[in-house]
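So the structure is just underneath, and the comments pick up after that.
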Amino acid sequence: MEPFVKKNQSFLSIDSWMRHYPKLEAGFTTKNGGTSKGFFKTLNLGFHVSDDVTNVCSNREKVAELLQFPLSCWVGAEQTHETVLKKITKADRGTGSDSYESSFKGTDGFYTDEEGILLTLCFADCVPLFFIAPEKRMIGVAHAGWKGSVGQIAKKMIEAWGQENIRPEEILVAIGPSICEKCYIVDKHVINFVEKALEEGGALTYNLITEGQYSLNLQELNRQILLASGVPEQNILQTSLCSSCDHEEFFSHRRDKGRTGRMMSFIGWKEK
Ligand SMILES: [Zn+2]
Numbered sequence: 107m108e109p110f111v112k113k114n115q116s117f118l119s120i121d122s123w124m125r126h127y128p129k130l131e132a133g134f135t136t137k138n139g140g141t142s143k144g145f146f147k148t149l150n151l152g153f154h155v156s157d158d159v160t161n162v163c164s165n166r167e168k169v170a171e172l173l174q175f176p177l178s179c180w181v182g183a184e185q186t187h188e189t190v191l192k193k194i195t196k197a198d199r200g201t202g203s204d205s206y207e208s209s210f211k212g213t214d215g216f217y218t219d220e221e222g223i224l225l226t227l228c229f230a231d232c233v234p235l236f237f238i239a240p241e242k243r244m245i246g247v248a249h250a251g252w253k254g255s256v257g258q259i260a261k262k263m264i265e266a267w268g269q270e271n272i273r274p275e276e277i278l279v280a281i282g283p284s285i286c287e288k289c290y291i292v293d294k295h296v297i298n299f300v301e302k303a304l305e306e307g308g309a310l311t312y313n314l315i316t317e318g319q320y321s322l323n324l325q326e327l328n329r330q331i332l333l334a335s336g337v338p339e340q341n342i343l344q345t346s347l348c349s350s351c352d353h354e355e356f357f358s359h360r361r362d363k364g365r366t367g368r369m370m371s372f373i374g375w376k377e378k
């Protein structure tokens, strides 16, 4: 069953998590229901894509209202396809919520065990990874394009939580809407890194299409890395939604040839 369930035109929720864990808000936005124009039509939430900042802020306010999670409680990151994770506290609230300039530099993942904070990251094909250790109240989100995936940002989150005395068996992960295997064709350069990332175990996640061209399943690559990091198979939810196949719902960097908006992953504990 698809873990990401559409709640209205503007976002999907990780339904089973939200039913099990009261006060949790977790999901992924669509491209619909906003005010942006042109390539960014209509719910672009990314500041760095040369959309009108006023429209991006108005779109963010719209999502804040839909989620009942004020923009002043959000945090956002610069996202540089690296694997730096940042632990967030209430003192960080609002950082990166209303401008790209104020966002956390060189950061591709967040985690926190405090309430009243919405961890957000932007996407258009890269894989959003959502984490929760319900007993410890820890939540997290990470941005995994091919570089973050082969850099094992998924494993780094599990290790960071290990420092907080959270075992991999206590962690649930949801792999969110992103580019599917059929839509994601890469060259040997990328595949070399994929092979290296899977050296510690895991099934191959790509297929040769033609000479030097491979179809890569980034969602499955992240699942294999999570399994190799000790997260039990039954703890991992995986979407079947593709940002590139689904023209109606999602922006896609590949499909739209780089000129497009961004969806947003979000996870947070509400204070009440
Ligand atoms: Zn696809």
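All residue numbers for the sequence shown refer to the working numbering, where the first residue is 107 and numbers rise by one.
Glycine included, every Cβ here is placed at the ideal spot set by N, Cα and C.
Source: prediction; values computed, not measured.
- Buried is the label assigned to Pro283, since at least 16 other Cβ atoms lie within 10 Å of its Cβ.
- If you look at Lys143, you'll find it isn't in any alpha helix (DSSP H); DSSP assigns it neither H nor E.
- Judged by their CB atoms, Ser116 and Gly139 are nearer to each other than the 7 Å cut-off.
- If you check the C-beta of Lys363 against ligand 1, you find no heavy atom less than 6 Å away.
- Counting only residues of its own chain and dropping the five nearest sequence neighbours on each side, Val292 has a CB closer than 6 Å to the CB of Tyr320 and Leu322.
- Distance from the CA atom of Leu304 to the CA atom of His359, rounded to whole angstroms, is 26 Å.
- Gln344 is bridged by DSSP to Ile281.
- Within the same chain, and ignoring the five residues on either side of Ile331 in sequence, the residues whose Cβ sits closer than 6 Å to its Cβ are Gln258, Ala260 and Lys261.
- Under the 10 Å beta carbon count, Arg273 is surrounded by fewer than 16 other beta carbons and is classified as exposed.
- When DSSP reads this structure, Asn313 sits in a beta bridge with Ser321.
- For Glu377, the number of other beta carbons within 10 angstroms of its own is below 16, and it is reported as exposed.
- Distance check between Ala183 and each of Thr226, Tyr290, Ile373 and Ile281 places Thr226 closest, using alpha-carbon atoms only.
- Taking non-hydrogen atoms of ligand 1 into account, the C-beta of Lys288 is found less than 6 Å away from one of them.
- Annotated as distal: Ala230 and Thr135, with beta-carbon spacing of 7 Å or more.
- Secondary structure at Ser119: strand, using DSSP grouped into helix, strand and coil.
- Taken from the Cβ of Ser358, every heavy atom of ligand 1 lies 6 Å or farther away.
- Rounded to the nearest whole angstrom, the CA to CA distance from Val162 to Gly215 is 21 Å.
- Annotation for Thr218: Ile194 place their beta carbon closer than 6 Å to its own, counting only its chain and skipping 5 residues before and after.
- Restricted to the region 205–233, the beta strand (DSSP E) segments that are unbroken, complete and at least 3 residues in length are 215–218 and 223–229, listed in chain order.
- Per DSSP, the unbroken alpha helix (DSSP H) holding Glu301 starts and ends at Lys294 to Ala303.
- The alpha-carbon of Thr141 is positioned some 15 Å away from that of Leu172.
- The residue from Cys348, Gly308, Gly246 and Glu301 with its alpha-carbon nearest to that of Tyr290 is Cys348.
- Taken through DSSP and simplified to helix, strand or coil, His126 comes out as helix.
- Between Leu191 and the set Gly212, Tyr127, His353 and Val233, the nearest pair of CA atoms involves Gly212.
- A Cβ-Cβ separation of about 7 Å places Ala280 in contact with Trp123 under the 8 Å criterion.
- Across the structure, Glu220 and Leu314 are spaced so that their CA atoms are roughly 45 Å apart.
- Residue range Ile259 to Gly268 is occupied by the alpha helix (DSSP H) that includes Lys262.
- For Asn114, the enclosing beta strand (DSSP E) starts and ends at Phe110 to Asn114.
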